[in-house]
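Here is the structure we will look at.
Structure below.
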């Protein structure tokens, strides 16, 4: 075989390999994920991958010279065509533009708009048969955008202000519509964080907290390893007030989260929580607790004063003042059948004036205390020092019970020997017993008991004088 | 006997164009089993390098005097439509993509063979490469610049219609030795009787 034939054989073999390689390359282009197109400067499709053909429900035979404008809405196409023009006019191979735009996909019966991220890249050609060419890459990001929208809805419904701070201290992305009302600022993108967040709070911040504001800016752009040192000084809670009235201000709790790329803090995620309601509630609770403490102290004081007023400091028995309240209540209860009976005993120490004159007032007081102690022990109900050496006991019980009580008191007093230091003496008491008649006034009731005491005195003293057996009970 | 006369450029170009067109027409009649093949010129808006179809088969015919790159531009559907009758299928759907491509690779081979035969009759020896196929898109990388020096380079584009289906053909011709092509001045292209009996030999 001649050299020429051998060369030809070798060339043929090489061409077969190239042909096979070309088929494989085309197959790879066909299966490029997403949308892949080559279009000419007249916006006609020259080459498309299979996903594009399937996405639009087209026949592969219809692809060549398909007008790209057919795929977009009128408004979207204006932008797309403008971008293609930019690439074509740049005349630079490899020049690119990236943007997002919707694309109507599916066949005529089932069309729906899906969001794509587009990349247009200029291509060089050998001839001008098609003019300048543009490669179009389209990634379907509709699901990602839908997920973002769902997340956005979640974010916007959270009563938090969430945003990022850029390296230059401006607000980057805002993830919450609540943020605008929180900061009382309608246009946040690009605004300095210091201006909208911290400036309205400076009046209420300590010098250390104000220093911390500077640290927020300083930490961005630095190594994440240094972040901890900065973050310790960041203001954690501020009173943010853009109005003149302090009532319109808000207590904001601030949380900071570094967004790190390649170990450098590129941005800060800042989360604001409105704690105004909580702070106000805490203050109200504190005020209420303080009020309660004050009220309790006042009540205690008042009770102490009342006790002082109603207690006889010498004997410890109730005074006339108490009688008005406590005994009036007993009379009312009897009048209204809440208690079946109400009786009283009135005591008077016999010859007390003589004892006073003979042994002095100091000893007189001692005697009063001793007698009062006996009365108190025998009758814990309502013992009252009515005045001088007179004592009253009211019991919600029968005349007989009152008489028995009075007798116990009288006998114990009679049996008591009182040591006055220079002498030991014995005293006696007399008593009158009366039982309340319904609708009878307290004065009348006491007057009857007093009359009986008077009779006991006239009858020789050291005795208890009950009401006569045939006492009238007109209201029973 | 080789003539040393040199034809004027334009006459040689036209002769060569006519020869290649003739080869394309005569072979398509056979390849499509169609008695009539219509040749059409491309519209005035056509620019060399413009993509003519989604697929392309090309083959190189080369010798000391001449180099020809012949291309067939076709849609796969067209190839299937023309091929299924020849392959004995019931419909174009019976033809695979590979068969469709091979159908036009063979056509390119036949055209190149015909050109070699026609020029061989004039003492011009040429060889043929393997036919290659690729997407029509790659037309944008073709060089169709007309040149006079150092090599006369020119091109031709035309459309063929057979059995109701259209394909496009293009040829890039490079004259390497004009003197060797001198005999073509008197050469009359006639329909070869054996053309009708040609057999299809698929790759």
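Residue numbers (the numbering used here), protein chains in the order written: chain D, 1 to 476; chain E, 1001 to 1203. All C-beta atoms, glycine included, are put in the ideal place defined by N, C-alpha and C.
- With a cutoff of 8 Å on beta-carbon distance, residue 420 (chain D) and residue 366 (chain D) are scored as near each other.
- Membership of residue 92 (chain D) in any beta strand (DSSP E) is not indicated, and neither H nor E is assigned to it by DSSP.
- For residue 415 (chain D), the number of other beta carbons within 10 angstroms of its own is below 16, and it is reported as exposed.
- Distance check between residue 266 (chain D) and each of D:393, D:340 and D:220 places D:220 closest, using alpha-carbon atoms only.
- Of all alpha-carbon atoms in D:157, D:128 and D:320, the one lying nearest the alpha-carbon of residue 179 (chain D) is that of D:157.
- Taking each of D:137, D:274, D:102 and D:89 in turn and checking the Cα distance to residue 31 (chain D), the smallest one comes out for D:137.
- Excluding the 5 residues flanking it on each side, residue 242 (chain D) has same chain C-beta neighbours closer than 6 Å at 184 and 200, in chain order.
- Inclusion of residue 165 (chain D) and residue 193 (chain D) in the CB contact set at 8 Å is warranted, their separation being smaller than that value.
- For residue 14 (chain D), the number of other beta carbons within 10 angstroms of its own is below 16, and it is reported as exposed.
- Note on geometry: alpha-carbon atoms of residue 331 (chain D) and residue 287 (chain D) lie some 43 Å from one another.
- For residue 249 (chain D), the secondary structure class from DSSP, reduced to helix, strand or coil, is coil.
- For residue 222 (chain D), no alpha helix (DSSP H) run applies, since DSSP gives it neither H nor E.
- Look at residue 1171 (chain E): its C-beta is not under 8 Å from any C-beta on chain D.
- At a cut-off of 8 Å, the C-beta of residue 38 (chain D) has a neighbouring C-beta in chain E.
- Against chain D, a Cβ distance below 9 Å from residue 1103 (chain E) picks out nothing, because the smallest value is about 15 Å.
- If you draw a straight line from the Cα of residue 1063 (chain E) to the Cα of residue 1016 (chain E), it comes to about 14 Å.
- Along the segment 161-181 of chain D, none of the residues has a CB nearer than 7 Å to a CB of chain E.
- DSSP, read as helix, strand or coil, puts residue 1165 (chain E) in strand.
- If you look at residue 140 (chain D), you'll find it in the beta strand (DSSP E) that goes 133-140.
- For residue 458 (chain D), the enclosing alpha helix (DSSP H) has its first and last residue at 442-458.
- Along the segment 1122-1142 of chain E, the positions whose C-beta sits under 8 Å from a C-beta of chain D are 1127, 1129, 1130, 1132, 1133, 1134, 1135, 1136, 1137, 1139, 1140, 1141 and 1142, read in chain order.
- Where residue 326 (chain D) is concerned, the enclosing alpha helix (DSSP H) starts and stops at 320-335.
- Using beta-carbon distances, residue 125 (chain D) counts as an interface residue toward chain E, with a partner under 8 Å.
- For residue 234 (chain D), the secondary structure class from DSSP, reduced to helix, strand or coil, is coil.
- Listed along chain E, no residue sits closer than 8 Å to residue 9 (chain D) by beta-carbon distance, the nearest being about 11 Å off.
- Neighbours of residue 47 (chain D) in chain E, taken as residues whose beta carbon is under 8 Å from its own, are 1135 and 1137 in chain order.
- Annotation: residue 1073 (chain E) to residue 131 (chain D) spans about 19 Å, alpha carbon to alpha carbon.
- The C-beta of residue 147 (chain D) has fewer than 16 other C-beta atoms within 10 Å across all chains shown, which makes the residue exposed.
- Relative to the Cα of residue 1024 (chain E), the nearest Cα in the group E:1184, E:1161, E:1151 and E:1175 belongs to E:1161.
- Per DSSP, the unbroken alpha helix (DSSP H) holding residue 1022 (chain E) starts and ends at 1009-1032.
- Residue 19 (chain D) has a beta carbon lying within less than 8 Å of a beta carbon in chain E.
- As computed with DSSP, residue 1111 (chain E) is found in no beta bridge at all.
- Just measuring C-alpha positions, the residue of E:1026, E:1166, E:1140 and E:1009 sitting nearest residue 1190 (chain E) is E:1026.
- With the rule of 3 Cβ pairs closer than 8 Å, the segment 360-374 of chain D does not count as touching the segment 434-453 of chain D.
- In the structure shown, residue 1067 (chain E) adopts extended strand secondary structure according to DSSP, grouped into three states.
- A direct Cα-to-Cα measurement between residue 236 (chain D) and residue 292 (chain D) gives close to 32 Å.
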